[in-house]
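Reading through the structure tokens given below for one structure.
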Amino acid sequence: MSETLAAFLYLVSGVLFILALRGLSHPTTSRQGNVFGMVGMAVAILTTLFLARPSFGGLVLIVLGIAIGGGTGAVIARRIAMTAMPQLVAAFHSLVGLAAVMVAAAALYAPEALGIGTVGAIHGEALVEMSIGVAIGAITFTGSIIAFLKLDGRMSGKPILLPQRHLINIALAVVLVLCIVGFATSESHGLFWLIILLSLALGGLLIVPIGGADMPVVVSMLNSYSGWAAAGIGFTLQNLALIITGALVGSSGAILSYIMCRGMNRSFISVILGGFGGDAGPAGQEDLGDRTVKQGSAEDAAYLMKNAAKVIIVPGYGMAVAQAQHALREMADQLKQAGVEVKYAIHPVAGRMPGHMNVLLAEANVPYDEVFELEDINSEFAQADVAFVIGANDVTNPAARDDKSSPIYGMPILNVDQAATCLFVKRSLGSGYAGIDNTLFYKPNTMMLFADAKKMVEEINKAMAD
Amino acid sequence: MEHQTVQNALDGLDRASVAIGDARASIVQLHEPVATAVHAATGVDPFVFHFAIFVLAIFVGYYVVWSVTPALHTPLMSVTNAISSVIVVGALLAVGISASGLATTFGFVGLVLASVNIFGGFLVTQRMLAMYRKKEK
């Protein structure tokens, strides 16, 4: 196969990847989009094989590698629980990062194979691109591993703050840049591995101080990094598919980080600087004062909802932790049978990653056209008879809207307090991630349902069936 | 919202044009000797073409990703994960035709890692997308 034809086919593969993302603009076109993505990948791989014409031994190794990796990937994809998607995506990011490092290392030791010169005489330009790609790849690798450990609960979600961490990070970054300059002019293998070591350290140090509450931003940011790393390697190999994909993934991750930051009213810089949010809000902050809380039972909730015309359900991550989504859908089915209009309202940061709550609801067979985003449904709470909040907290706190002194002031919230009655399922009066008391609990039209989310919904279901 | 998006896009354009200017300046200094041959043929360094594609792809990505419905942001992340593993092409070349044992080893590890991601990423995306159903009427 000629180089020209190969370059053309890589372009085709890049366009197919664009179509794959384009398909995600609507659930009905999304499955077709995913097929475009797979075809694009197949085109890129086959083109490379026809272009390179590996020896028989090389071909055996390639098939073996794809079989080992592909088999592992397929098993993971089939077994993973939907609640564990954030961890899985973080783990996958780390693999992209490490793969970028490996490809760059291979390119350094066998530049002829990748068409970038010979050992000791790789083009200066290729060296710059390679070292940038490898640095971002290594940062993505360790950063994603830390994010994975935090999301998976193997490491505390509390921010770990080293003394002088900003100074350490800046010093590391400066040395890293110097190493890249040195490597680009000398092609020293020692400097190459030093760049990798420094970047690995930097990746870990950057993510360790970031708390559990900010993980949706971190996961999106690492998604972006993995894209830039791929683009860096793409420039080295002068491969169009890789350059286009790197740009797509890089901008996609950046946009998602921006959306997540906006959903929490946090600036990107303050997230990166870290130190916000822990595993759970400090317990024992239940300063009731003389404020009273209205408490209800499952029977009260069932009665209220069955006689309502419109119920809006507000699920949060707590619902997923309690595995209450299936019971919740049964509740919604019963309500619909009784002629009640049921809608779901999703806050942008309702899960542990962008769009996580939508996947969890889809898994419980909730139709996607009953699920609405914050901007589309917020005006409807005023006409709703019941807002049913389950497993969410901070995203419903009216203080974010009304109280200028609140630390979460300015964060977009779901206006559940405007519904005629707000039913709030919660285990206790503890505060949420942000560690802030929710003034909603003490409003006269709020009824607290103190119980485990799943148990409460099951009891409501029973009460409604009677 | 729309207004903000347009504003963001304009800002992005400004930054991109500055970046292109910078890149052009650096190209001139960076590697005259390497690209002399190509220069002689076309007059322009091939890096410029690749960089142009890169910049345009960022813009395509920007608009395509903003049009992704928020309900599908998780599948978006898993599919971008899968496609960024197209880095496998570098690993394939290293495993297939490099003469150095070390390079083959690195390439092989890269190949296995990228394959986990390709298969895992596309299949888990497919599994998620299959769950999105419309209301039965």
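Taken in sequence, the protein lines are chains A and B.
In this text, residue positions in the first sequence follow the numbering used here: the first is 3, and each later residue adds one.
In this text, residue positions in the second sequence follow the numbering used here: the first is -12, and each later residue adds one.
We treat Cβ as the ideally placed atom computed from N, Cα and C, and that holds for glycine.
Cα-Cα, which of A/M321, A/L164 and A/G135 is closest to A/S201?
Residue 201 of chain A sits at position 199 when you count from the first residue of the first sequence. Taking only the C-alpha atoms, the option nearest A/S201 is A/G135.
I want to see whether chain A comes within less than 8 Å of B/R120, judged by CB atoms only; does it?
Within the second sequence, numbered from 1, the residue matching residue 120 of chain B stands at position 133. By this cut-off, B/R120 is an interface position.
Are the region 301 to 312 of chain A and the region 331 to 344 of chain A touching by the rule of at least three beta carbon pairs closer than 8 Å?
yes
Report the option in B/A69, B/I84 and B/H60 whose CA atom is closest to the CA atom of A/A101.
By 1-based counting over the first sequence, the position of residue 101 of chain A is 99. Considering only alpha carbons, the answer is B/A69.
For the candidate residues A/A243, A/I348, A/T144 and A/S430, whose alpha-carbon lies nearest to that of A/F390?
Translated into the one-based positions of the first sequence, residue 390 of chain A becomes position 388. The shortest C-alpha separation from A/F390 is found at A/I348.
Does the contact criterion of 3 or more C-beta pairs under 8 Å hold for the region 34 to 42 of chain B versus the region 209 to 228 of chain A?
no
Where A/L51 and B/L80 are concerned, what is the direct C-alpha to C-alpha distance, given to the nearest angstrom?
In the first sequence, residue 51 of chain A corresponds to position 49, counting from 1. In the second sequence, residue 80 of chain B corresponds to position 93, counting from 1. Each residue's alpha carbon lies about 8 Å from the other.
So A/T516 and A/L224 are supposed to be a Cβ contact under 8 Å. How far apart are they, rounded?
Only positions 3 to 468 of chain A appear in the structure, and residue 516 of chain A is not among them; the question remains open.
Residues of chain B with a CB under 7 Å from the CB of A/A74: which are they?
Counting from 1 along the first sequence, the entry for residue 74 of chain A is found at position 72. The question names Ala, yet the displayed sequence has Thr at residue 74 of chain A. In chain order: V103.
So B/A86 contacts chain A; which residues on that side make the cut at Cβ distance below 8 Å?
For the purposes of this step, residue 86 of chain B is taken as the residue at position 99 of the second sequence. Ordered by position in chain A, the residues that pass the 8 Å Cβ test against B/A86 are A112, E114 and A115.
DSSP state of A/M359 mapped onto helix, strand, coil:
Numbered from its first residue, the first sequence carries residue 359 of chain A at position 357. Looking at A/M359 - three-state DSSP - the assignment turns out to be helix.
Is it true that the CB of A/A465 sits closer than 8 Å to the CB of A/A304?
As a first step, residue 304 of chain A is located in the first sequence; it is residue number 302 there, counting from the start. As a first step, residue 465 of chain A is located in the first sequence; it is residue number 463 there, counting from the start. Result yes, Cβ atoms of A/A304 and A/A465 sit closer than 8 Å.
Straight-line Cα distance separating B/I74 from A/G192:
Counting from one through the first sequence, the residue named residue 192 of chain A turns up at place 190. Counting from one through the second sequence, the residue named residue 74 of chain B turns up at place 87. Those two C-alpha atoms are separated by around 24 Å.
A/A421 in three-state terms, based on DSSP:
For the purposes of this step, residue 421 of chain A is taken as residue 419 along the first sequence, with counting starting at 1. Coil.
Answer with buried or exposed for A/P165, where buried requires no fewer than 16 other C-beta atoms within 10 angstroms of its C-beta.
Counting from one through the first sequence, the residue named residue 165 of chain A turns up at place 163. It is exposed - the Cβ of A/P165 has fewer than 16 other Cβ atoms within 10 Å.
Proximal residues to A/K428 (C-beta, below 7 Å), its chain only, five neighbours per side dropped
As a first step, residue 428 of chain A is located in the first sequence; it is residue number 426 there, counting from the start. Counting only Cβ-Cβ distances below 7 Å, and skipping sequence neighbours, we find M450 and F452.
Answer with buried or exposed for A/G320, where buried requires no fewer than 16 other C-beta atoms within 10 angstroms of its C-beta.
Stepping through the first sequence from its first residue, residue 320 of chain A is reached at position 318. Burial call: buried.
Cα-Cα separation between A/L90 and B/A44, rounded to whole angstroms:
For the purposes of this step, residue 90 of chain A is taken as residue 88 along the first sequence, with counting starting at 1. For the purposes of this step, residue 44 of chain B is taken as residue 57 along the second sequence, with counting starting at 1. Going from the Cα of A/L90 to the Cα of B/A44 covers about 27 Å.
So is A/L7 in contact with chain B if we call contact Cβ pairs under 8 Å?
The residue you call residue 7 of chain A lines up with position 5 of the first sequence. A/L7 does not count as touching chain B.
Enclosing beta strand (DSSP E) for A/L451 [first to last residue]
Translated into the one-based positions of the first sequence, residue 451 of chain A becomes position 449. Element bounds for A/L451: T448 to F452.
Please tell me whether A/Q325 has its Cβ less than 8 Å away from any Cβ of chain B.
As a position in the first sequence, residue 325 of chain A is number 323, starting the count at 1. No, A/Q325 does not count as interfacial toward chain B.
Which residue wins for smallest C-alpha separation from B/A58, given the options B/Q(-6), B/K121 and B/V76?
Within the second sequence, numbered from 1, the residue matching residue 58 of chain B stands at position 71. Considering only alpha carbons, the answer is B/K121.
For A/E2, which three-state DSSP category applies?
Absent from the model: residue 2 of chain A. The displayed extent of chain A is 3 to 468, so no value can be given.
Enumerate in chain order the residues of its own chain whose CB-to-CB distance from A/V105 is below 7 Å, with the five nearest sequence positions on each side excluded.
Looking up residue 105 of chain A in the first sequence gives position 103. Here the set comprises I235.
Compare the beta carbon distance of A/G67 and A/V103 with 8 Å and say whether it is the shorter of the two.
Taking the first sequence and counting its residues from 1, one reaches residue 67 of chain A at position 65. Taking the first sequence and counting its residues from 1, one reaches residue 103 of chain A at position 101. Contact flag unset, no.
Give me whichever residues DSSP pairs with A/F390 in a beta bridge.
Against the first sequence, residue 390 of chain A aligns to sequence position 388. The partner list for A/F390 (beta bridge, DSSP) reads A/I315 and A/L425.
Can you check whether the CB of A/M84 is closer than 8 Å to the CB of A/E365?
Within the first sequence, the letter at position 363 stands for residue 365 of chain A. Within the first sequence, the letter at position 82 stands for residue 84 of chain A. Yes.
Assigned secondary structure, A/K345 (DSSP; H/G/I helix, E/B strand, else coil):
Here residue 345 of chain A is taken as the residue at index 343 of the first sequence, counted from 1. Three-state result, A/K345: strand.
Would you call the region 240 to 260 of chain A and the region 392 to 399 of chain A touching, i.e. three or more CB-CB distances under 8 Å?
no
How is A/I82 classed by DSSP in three states: helix, strand or coil?
As a working note, residue 82 of chain A is residue 80 in the first sequence. Three-state DSSP puts A/I82 in coil, outside helix and strand.
In chain order, what residues of the same chain lie with their CB nearer than 7 Å to the CB of B/N104, ignoring the 5 residues before and after it?
Reading the second sequence from its first residue, position 117 is the one you call residue 104 of chain B. So the list reads N68, A69 and S72, once near-sequence residues are dropped.
Against B/R114, what residues of chain A qualify as contacts under a CB-to-CB distance less than 7 Å, listed in chain order?
Looking up residue 114 of chain B in the second sequence gives position 127. Within 7 Å Cβ-Cβ: A79.
Output, in sequence order along the chain, the residues in the region 50 to 62 of chain B whose CB is closer than 8 Å to any CB in chain A.
V51, V52, W53, S54, V55, T56, P57, A58, L59, H60, T61 and P62
For A/L23 versus B/H60, is the C-beta spacing smaller than 8 Å?
Residue numbering aside, residue 23 of chain A sits at position 21 when the first sequence is read from its first letter. Residue numbering aside, residue 60 of chain B sits at position 73 when the second sequence is read from its first letter. In this structure, B/H60 does not lie closer than 8 Å to A/L23 by Cβ.
Please say whether A/P400 and A/L431 have beta carbons closer to each other than 8 Å?
Position 429 of the first sequence holds residue 431 of chain A. Position 398 of the first sequence holds residue 400 of chain A. Not closer than 8 Å, so no.
Please state the DSSP three-state secondary structure of A/A76.
By 1-based counting over the first sequence, the position of residue 76 of chain A is 74. It is helical.
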